[in-house]
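Asker: Protein chains in written order, with this note's numbering: chain X, 7 to 506; chain F, 1361 to 1873; chain R, 23 to 121; chain S, 71 to 867. Note that CB positions come from ideal geometry on N, CA and C, so glycine has one too. Treat the numbers as computed from the prediction; the structure is a model and nothing was measured.
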Amino acid sequence: MIDASLALVAESEFVRPAIDWHAAAPELILLAWGALVTVIDLIWLERSRRFMPSLAGLGFLAALVPVVTLWASDDSVRTMFDGAYVVDKYSLVLKALFLVTGYIIVLISTNYMADGDYYDSEYYQLIAASVLGMLVMTSARDLISIFVAIELVSIPAYLMAAWRKRDLKSNEAGLKYMLMGVFASGILLYGMSLLYGVTGETKLTGIAEQLNSDGRPLLSLAVIFTVIGFGFKVSAVPFHTWAPDTYEGAPTPLTAFLAVASKAAGFVALLSVVLVALPKQSDVVEPLLWILAAVTMTVGNLLAMRQTNIVRMLAYSGVAQAGYMLAPLAVYSIGELNSVAIGGSVASSIVSYLLIYAATNLGAFAVVIAVARKTRSGEIVSYGGLFKYAPGLTVLMTIFLISFAGVPPVGAWLGKLQLFLTVLESQTVAGVVLAVIMAINSVLAAYYYFFIAKQMWFMPVANQDSAPVVIPAPLKLALLLTVALTLAGGLGAFTGIANL
Amino acid sequence: MTEFLDTWGITAMVFVPLLGVALMMAMPKTMEPAIKGVALATSLASAFFGVLLLTNFNYDDSASMQFVQDVSWIEIINTRYNVGIDGISLPLIALTLLVTPLVIIYSWNHIPKPGNAKAFLILMLILHTGMLGTFVAKDLILFFVFFEVVLLPMYFMIGVWGGPQRLYASIKFFLYTLFGSALMLVSFLALYWLTGSESFDIVKLGELVSTSDITHGTQVLLFGGMFMGFGIKVPMFPFHTWLPDAHTQAPTQGSVILAAVLLKLGTYGFIRIALPTLPEAAVTWAPWIGLLAVIGIIYGALGCLAQTDMKRLIAFSSVAHMGYVMLGISTLTDFGINAAIFGMVAHGLITGMLFFIAGSVKERYHTLEIKRLGGLLLQAPRMGWILGFATMASLGLPGLAGFWGEFPAILSAYNPAPGLSTGLFRGYMVVAALGTVLAAGYLLWLLQRTAFGKPSEEFADDPEIVDAVLSEWIAWVPFLILIVVLGFFPGLIFDITDAPSTAIGDMFKVLDK
Amino acid sequence: MFLNQFLFFAAILFSIGVYGVLTRKNGVLVLLSIELILNAVNINLIAFGAYHQDLSGQVFALFIIAVAAAEVGVGLAIVLLIYRNRRSIDVSEADLLKG
Amino acid sequence: MIFSAENVDAESVAWIFENVWLVPALPALSFFLILFFGKKLPKRGAEIGIFSVGLAFGLAVFATFTWITQINDSQSEKTDESYAALSIEGEPSQKVILTADDGAVRGKPIITEVEWFSIGGSSDSHSEEEAPSETSKENKTAIDSPAIVAIAAEDSSDSEADKSDDYATAHSESDAPAISIGTWVDGQSVMMLFVVTLVSLLVHVYSTDYVHGDRRFTHYFAFLSLFTSAMLFMVLSSSTLQLIVGWELVGVCSFALIGHWWEDKPNSDAALKAFLTNRVGDIGLLIGMTVLYFAADKSFSIEKINQMAVLSGQEGGIDKGLLTIAALCLMAAVMSKSGQFILHTWLPDAMAGPTPVSALIHAATMVVAGVYMIGRLYPVFWEGLTIAGSNINAMALIGAITTVGGGLLAFVQRDIKKVLAYSTVSQLGYMVLALGVGAYTAGMFHLFTHAFFKACLFLGAGSVSHACHHSFDMKADMGGLRKYMPKTFATFMIGSLALAGIPPLAGFWSKDEILAGAGVWPGTGGNGTYYIPFIFGMLTAAMTAAYMTRVIWLTFFGTYRGHEKPHESGSRITIPLIVLAGLASVVGFLNMPSPFVETLGLPKSWAHKFEDWVEPAGIATFVGKANGFTHAKPSLSLAIVATLCAVGAGGAVLAYYKKLYAKDPQATEYSDGFLAKVPPLRAGYAFLTNKYYLDHLYSGVIAAGTKGPVAKAAYWFNQNVLDQVINVAGKLSVFVGRFIYRFIDQGTIDGLVNASGRGASESGESLRQVQSGQVRHYAVMMFAAAALLAAVFMVDF
């Protein structure tokens, strides 16, 4: 057997694969920039602290340039490495999402990090590294690169979760995130190994070709373990348990990053694997994801209702939102699946939702950070009477909450509508039932979102302290960006680009 | 000019208030008179466009949509910005255009506690846009969007400026309505897929349903979803429990708008969407809707008799009155639908007026407890007479607007659409007629205990209790005039609504054949 | 072919790893158990690679080994951090965050 | 259309008949003027009211004379030709209505309509669908400048007899989808116009003195104007819808005026009671009119409804069962509005309002609205309420019971107005009785005469009270007033005699005609089935005389029991009294029976003028055939007997009081002690101790007997049972409302909703326990779920 493999090595002549530098440019720029930041930090040490955030932010914007040019170019689908790495509309949209998210994370981190006396440069480098993993993830169409990307996303995040290293909660957050993440990786990998074993392929398209419904028990195990591995990343119930704890303990900007980017990365991987590799396995994947979606949104909402800490509440709300986003995958067999470029209403609706959800979530966290600058608290009751002393923040937060709740005309309603539409597109009983569960959950969710709104608008000022909240410029910019994106998203601005 | 109206007229009417909102947001809170001025001006600007539309409306062709603007909006889900006005929506649009400016005028010196005219009026204008939008939308998704837009400003209005139990009331209002609209949305989307439609155009969907092979059971379920959405908004028994709380706790302006316009969104939805798109299911549902409607009539009236709070009593009376509207709709006849639309307008004017009075009474007496009131006619005779007038209108006195919503609804139940049980609906008719007595009972009882008699000692020499002031007069007089005018010239509305109602009614006649 | 034996072995290894993760309180031991799981995966991959006459299984395994090293590195760093603050590496003591 | 239009074509419709809407419009205008400007005027609005009602009266008189002239002209033109036409066109069926006949010549209604609005009418067929849009366009102009569509004109084109035979054809041609508002001029409505405007005018004048200085003087006049307008509007209704509008509007005016002094709770209670009781009847009105609307092929037109009611049970007619239901429903409305037994209880309470209001609304006009409606929809009521398989019409029984019931109750009142109120109930019963036995003209004639003498009596009572410091208590505050206020006494006397039916005053003629109309007395014709109504009618005639004697005695004779010296009222009060008394004396001659006229040697044409003028066309024919409508043959013996009854009863009461007066000038009744409360003892007590046993027999058997146990029992029944029915119903519904609100609404429904919220919240709480914070637990959960799911899906099912 060993001989055979050696022979295999001997037989194949190494051919340098052609690299489309334009297509790889975003990743390369970000990589280079990350390295540059590290070098600058090493050279200038403390002196670089002042401009490090701006520099890091610029890196994300710089990487956005090739994304835009790629979008504009005629070549809609660029494939590299024999189909293992694909740059198409789907991946470009998500790359843009991750880069913008990265930029906004930098904006909201700037003062948080500077005021908190933590290492900054490394922090930004780690963010860059994590975002790099996400960029790779969007294009990865091979089990190996997906695995590498997912770890590239996660490992920096483990570190950043424990960033406030003298804080026990932060330590605990990091620990839990790390342990659960690694364990989930183990399960994921076990599943992937089985998948490889069944098909002999690591490329997703190859897997799809090789798979048929034979050998169901093993295949089912493979599929389920793989999907569950991603379920961890998207914090689907019952693999969500790390999320609230980590969110609460980690530095809030990092929480925002985890809640938005990391989760999106999980969805990206899940979409790629399910849509490209498992198009014929809907008999297993659909019911599995149906259960996950229904349980996730319900449990997430129920738990969110009982939270008193706003970050924790947002964490659970994020769990519930993940449930909504899983829903189209529970009926993913509806579309004509394209093995190279991911498209169709399932992917479109999820991506569309991800975009608006990202803007809203980032905005909400930005408000949380802004308010915490004054109140030093994450408790929901500390939002009492916010309207009286910070009407601007209140209005913004209200807009984000409305968006979360899926109430027109701002923000996520449209994404949610698309999810509904996709779920109902199946025209099956399961689809309709899931849609009804989603509908009821939307109402449940509104309860706790508007609980915050109630605190802000209707309640007396907490602690009788109605000094205004001072918002630093980067945070202001972040708020403006997110609210603009949320409002625009509600009016349908993203549906065009998310139409894959 | 006509060209402009034909294309952009409705859009201008609906969205002009948002310009005002933007302007007001930029103004500092302290410039209160200017803010009020801007609010009034924008609402009047909206009304101006509305009047232009109304005058250019072709009344001979009120069954068809006019001033249609149909442009692409969100292509991916085939949703279009598709708006128009026909005979069904026209009276309600006119009502909305009337009510908002008047409420703003009333707000001139009646900003409820805790103040902040800027935020209050901004919400009012957003509400205005939402209400108008709902009445002009021809696309289901657009309708849904506006339907929901209405929700939030009212939530905040109740929650911030409401009474002592405002928190409970506001969240209840919000969740109830959201629950309904979520299920309604599921129905909309399911309808879209099941028909294989390529747009959310209401008319097209209706046509497709009739040609498609959607089973009757499915249609009934779809109708059920819409029923939840619209029925809660109406509100129909037994989904009405949010209403008394919301009404009671809302500030006067909120109550007025809630009563005058918001409740009509539900009934309008039935007429505009549920009946035309799913006629077969409507026939199946109609007896149940009728049943709930008459239960609502009696139940609302009995609820009124139990009240000790004036505002809550008026709120409960809405349940009863909307029962007549729903009874009219449930007959699925042209007559019933005509009656329903008239009933909506009439209820809007009359109950709106009653809430105005209740608000002003509250402002003067600082209580609405019926036991403590009395002798309003002595202390503020004009207000007292207006209260008397409004109660008379509300109990369906002929010659005033309320009658034309009530009697034709009762009448239509005598002869429901083919396919419905005549005997059953005649039973409903008798019950509904009994409801008129109860209505007279609780309204006159209210009148007797608040307006008649002598003022109680605690208020006898209260200098705060003065008669209606100028801003109140300006806000009220149009209501009063319209209640009388519509009472004597019901044709003003029936002539507009008859053609489209007949079109719907005919649908059910054809259905039976 | 001996595929079944390899798979069986890997499965046992995986199970032991899982058992360790679930029962061990010591952070380092938990990390070790995870290593067991990853190694089970590696065995799987190499066995399948051989079975399929395909190199990518081995390549995958190599990647896993590399990444696992990074993971453990980060993991141990976090355990160390915990130890510094708490003087204990008992993961069951870390329950400040819950609910 | 209905009634052949040979005689009157479009051009010959008199101006006043086309523009008769001015009559209600004037007071309506005055209402608004008074409301907005009244307070600023020197007389505080009264002058506007008087002026406008005066104008309206003028127009009404003009209309009356025009009508009378027209009738007289047509009668003089009555040639053999028209009778010939009748014989040719006579239908094979029993009921003839469409063709010209005797009635058509005399009293064909002139209907002037404009389109009010259109609703649901365009649905008959698609071919008609285009019609409404056109007509609705016309309608817009119609509202601005009433484009009057004289139906008579429209119909003059199709005078062919066969066309009118085929009802359906005639119908479909003229079936406008629109619902019309219009005026209906015929003898009945012209008569009412005259009565309403006249009494209203007099009441206006009277009120300027009576409510002088009242704090709501202006409002009072405004509402008088509104009432007048609404009443006239109702009277002129050409459609049932319009009738409902007017009907309710007069009700609300009644409410406002009864509760005029609302500072005191009893007054507002009375107002509420009146309104609510009427609302109960209105259920019947609404349902009845609904049934008729659909039964008559979706039409509110009274004309059409009548026409189809006549044909009931035949082709093109209303189904008999439906008609009965409709008539029963409408009868409920009549019973409440016109105070028929058992819904009459509001009427005495309504006396809480100012006396002129009682005179106008609760005696002369509004309360006869029910009677008026029966007349207006006579075919419906007649066909609908005729008890199947018999010749008996239920209306007669209702009227009979009411008339006796009301009369009995009148005996035991201390309050002069309440006596009059019960008397009104009784007389309204009389009218319904008349209509029930088919004596349409007699009923209407009684309505007409009653309006004058009862208004006179009420205003007289007001005048008395005005003198006695606003008390109405006959026993406590009156007595011997004839010396102090001779004019009031004289007019009251005339009114009373008229009411009691003493010849030659008005009441005698009308009452006698009703009794004759019952058709039981030998020689009056009729079917001889209405024994009970007839006996009750006779009884009432006697009772009326008796209780009016009592009232007069207690008020004007004996000794003055009040505190301050009474005085005669001013001229603004006495002149209306005199006018009314004058009318009450003479209007009876309007309908003298022809034998009487012949006997007196008067011109033959003087006989039954009222009948000629008022009795509408068509009805005579139809009812005549239906063996119900009676133009009874007058009977001298009946007149004498009835008069003797009245005189006897009155005389007996008079004797009773004379004895009493002789015994104690201050007393108002005998032995007001426990004996009165324990009736069985009374006889023994009287027998043993009272040497005037025979006197008692004379005066007691008739007066005290009825006044004692029977009336008391009746009154007890009224106050404790009937009256309580409404109170109990009200209380019960409040109770039920509270119960439902508290337990079902706030408990169950709200509770369910809240509970579901709580449930969600609670389950969230229990789920929180799972999130223990232990990372190992999390790992267990994750792996357990993975294993479970894998196990489930690995099974190949």
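1. May I ask you to list, following chain order, the residues of the segment 835-862 of chain S that have a beta carbon less than 7 Å from some beta carbon of chain R?
2. Distance, Cα to Cα, A1750 (chain F) vs L1714 (chain F)?
3. Using C-beta distances below 6 Å, list every residue in its chain close to L327 (chain S), excluding the 5 sequence neighbours before and after it, in chain order.
4. What residues in its chain sit with their C-beta under 6 Å from that of L517 (chain S), if we drop five residues either side in the sequence?
5. In chain order, what are the residue ranges of uninterrupted alpha helix (DSSP H) at least 4 long that sit wholly in the segment 154-229 of chain X?
6. What does L332 (chain X) touch in chain A if you count any residue whose Cβ is under 7 Å from its own?
7. Name the residues in the segment 1501-1512 of chain F whose C-beta lies less than 9 Å from a C-beta of chain X; which are they?
8. Just to confirm, are D1430 (chain F) and N1442 (chain F) a CB contact at a threshold of 8 Å?
9. Report the three-state DSSP secondary structure of A248 (chain S) (helix, strand or coil).
10. Do F87 (chain X) and P23 (chain X) have their C-beta atoms within less than 8 Å of each other?
11. Could you tell me which whole alpha helix (DSSP H) segments of length 4 or greater appear in the segment 275-324 of chain S?
12. Name, please, each residue of chain S whose Cβ falls closer than 7 Å to the Cβ of V305 (chain X).
13. Should G1663 (chain F) be flagged as near chain S, meaning a C-beta pair shorter than 8 Å?
14. Can you have a look at R170 (chain X) and say buried or exposed, based on whether 16 or more other CB atoms are within 10 angstroms of its CB?
15. What three-state label does DSSP hand T85 (chain X) in the structure shown?
16. Going along chain R in order, which residues have a C-beta closer than 7 Å to the C-beta of M184 (chain X)?
17. So, under 8 Å CB-CB, G1656 (chain F) and A1680 (chain F) are touching, yes? Tell me the CB distance rounded to an integer number of Å.
18. Taking T1796 (chain F) as the query, report the chain S residues whose CB atoms sit under 9 Å from its CB, ordered along the chain.
19. How about the segment 1648-1663 of chain F and the segment 1574-1585 of chain F: do they share at least three Cβ pairs that are nearer than 8 Å?
20. Exposed or buried, which one is I87 (chain R) when buried takes at least 16 other CB atoms within 10 Å?
21. Just reading off the alpha helix (DSSP H) that T394 (chain S) is part of, what are its end residues?
22. Determine the DSSP secondary structure at T1857 (chain F), reduced to helix, strand or coil.
23. R620 (chain S) and G549 (chain S) - do their beta-carbons sit closer together than 8 Å?
24. Less than 8 Å between the CB atoms is what I'm expecting for C526 (chain S) and A651 (chain S), so what's the real figure, rounded?
25. Quick check on the burial criterion: 16 or more other C-beta atoms within 10 angstroms. Buried or exposed for T1612 (chain F)?
26. Alpha helix (DSSP H) containing Y253 (chain X): first to last residue?
27. Which of the three DSSP states, helix, strand or coil, is assigned to A458 (chain S)?
28. Nearest to V1496 (chain F) by CA position, among F:L1452, F:E1567, F:F1716, F:M1517, is which residue?
29. According to DSSP, is G1444 (chain F) part of a helix, a strand, or is it coil?
30. DSSP puts V184 (chain S) in a beta bridge; with which residues?
31. In or out: F457 (chain X) buried (at least 16 other Cβ within 10 Å) or exposed?
Answerer: Taking the geometry as given:
1. Under the 7 Å Cβ criterion, the segment 835-862 of chain S contributes R838, Q841, S842, G843, Q844, V845, R846, A849, V850, F853.
2. 6 Å
3. F293, G423, V427
4. Around L517 (chain S): V438, V441, M501.
5. 174-205, 210-216
6. Among the protein chains of the structure shown, namely X, F, R and S, there is no chain A.
7. I1501, F1504, V1505, F1506, F1507, E1508, V1509, L1511, L1512
8. yes
9. Strand at A248 (chain S).
10. yes
11. Within the segment 275-324 of chain S, the complete alpha helix (DSSP H) runs of at least 4 residues are 287-305.
12. L837
13. yes
14. buried
15. Look at T85 (chain X) here: in three-state DSSP terms it is strand.
16. V96, G97, I100
17. 6 Å
18. R349, D352, I353, L356
19. no
20. With fewer than 16 other beta carbons inside 10 angstroms of its own, I87 (chain R) counts as exposed.
21. 390-407
22. helix
23. Taking 8 Å as the Cβ cut-off, G549 (chain S) and R620 (chain S) do not qualify as a contacting pair.
24. 5 Å
25. buried
26. Where Y253 (chain X) is concerned, the enclosing alpha helix (DSSP H) stretches over 248-255.
27. coil
28. F:L1452
29. strand
30. Beta-bridge analysis with DSSP links V184 (chain S) to S:I251.
31. buried
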